[in-house]
Each structure stands twice: as structure tokens, then as C-alpha cells.
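**Q** Below you will find the structure I want to go over with you.
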Amino acid sequence: MFVGVLELDLLLGDVGSIKEKRSVVRPVVAELKRKYAVSVAEAGHLDLHRRALVGVAVVAADAEHVSDVLDHCERLVSSHPEFQVLSARTRWMGPHDD
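Letter by letter, the sequence shown follows residues 1 to 98 in the UniProt record's numbering.
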């Protein structure tokens, strides 16, 4: 079993409030869940209206599958013009981790 976690630190474009931020971030979170069957949530910068930290997690028997899914997720978020990806960090846990 392999577990991969992708942490995306995002800068949002012309967003003036937390409510407006949610209206931009929620559809992308839903799209990631629907398209890639991953667990995903806005997990940080909750009190800042122009920043978002989105976490994506996937579990699979094959490390290559986990890597492919996380790459697709990162590309999908990067393709949205309302976001600038400030950083993308991936973490792994595999069968040899304690």
C-alpha cells in the first residue's frame, strides 16, 4: 500500500473576502474529488482571503498510480487561471515505512 499527499499553497487572484474565496476554492475541491477519487480539503490559510492551502491524499497498491494521480491533481489546479501555485509539496508513505 502506498499513500501520497500533495500540499498546494495557492495565491488567489482578485478575491476580496473569505466568502468570495470559498466560492472559488470549493468548486476546484469538488472537481478534484469527482475526477480523481481523492480525499481533498482546504486545510490552511483559512483566515486569509487571498491564500489557500489545499491538501490532496490518495491511497493505492501501486506507487506509480499514486504519483500519476497527484501529478494530474497538481496540473488541474495549476490550469485554473484564478490560482497561482506558490508551492507544491508531496509526501509519501510506503510499505517499508514504520
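We put the beta carbon where it would ideally sit given N, CA and C, even for glycine.
All values reported here derive from a predicted model rather than from experimental measurement.
If distances are taken between C-alpha atoms only, which option among 37, 7, 8 and 86 comes closest to residue 65?
**A** Along the sequence shown, read from residue 1 onward, the residue named residue 65 stands at position 65. Per the Cα distances, 37.
**Q** Using the Cβ count rule (16 or more neighbours within 10 Å means buried), how would you classify residue 8?
**A** The sequence position of residue 8 within the sequence shown is 8, counting from 1. With 16 or more other Cβ atoms within 10 Å, it is buried.
**Q** Are at least three pairs of beta-carbons, each pair with one atom in the region 67 to 74 and one in the region 3 to 22, less than 8 Å apart?
**A** yes
**Q** Tell me which same chain residues have a C-beta within less than 6 Å of the C-beta of residue 86, skipping the five on either side of it?
**A** As a first step, residue 86 is located in the sequence shown; it is residue number 86 there, counting from the start. Residues 9 and 11 of the same chain have their beta carbon placed closer than 6 Å to that of residue 86, with the five preceding and five following residues left out of the count.
**Q** With the cut-off set at 8 Å, would you say residue 13 and residue 49 are in Cβ contact?
**A** Taking the first residue of the sequence shown as position 1, residue 13 is located at position 13. Taking the first residue of the sequence shown as position 1, residue 49 is located at position 49. It is not a contact, given that the beta carbons lie outside the stated cut-off.
**Q** Would you check if the distance between the CB atom of residue 40 and the CB atom of residue 32 is smaller than 8 Å?
**A** Position 40 of the sequence shown, counted from the first residue, corresponds to residue 40. Position 32 of the sequence shown, counted from the first residue, corresponds to residue 32. Yes, the pair counts as a contact, with Cβ atoms nearer than the cut-off.
**Q** Which of the three DSSP states is assigned to residue 7 in this structure?
**A** Here residue 7 refers to the residue found at position 7 of the sequence shown. Correct three-state label for residue 7: strand.
**Q** For a quick check, are the C-beta atoms of residue 74 and residue 57 less than 8 Å apart?
**A** Walking along the sequence shown from the start, residue 74 turns up at place 74. Walking along the sequence shown from the start, residue 57 turns up at place 57. Their beta carbons are not under 8 Å apart, which means residue 74 does not touch residue 57 by this criterion.
**Q** Go ahead and pull the three-state DSSP assignment for residue 50.
**A** Working through the sequence shown from its first residue, we reach residue 50 at position 50. In the structure shown, residue 50 sits in coil (DSSP, three-state: anything other than H, G, I, E or B).
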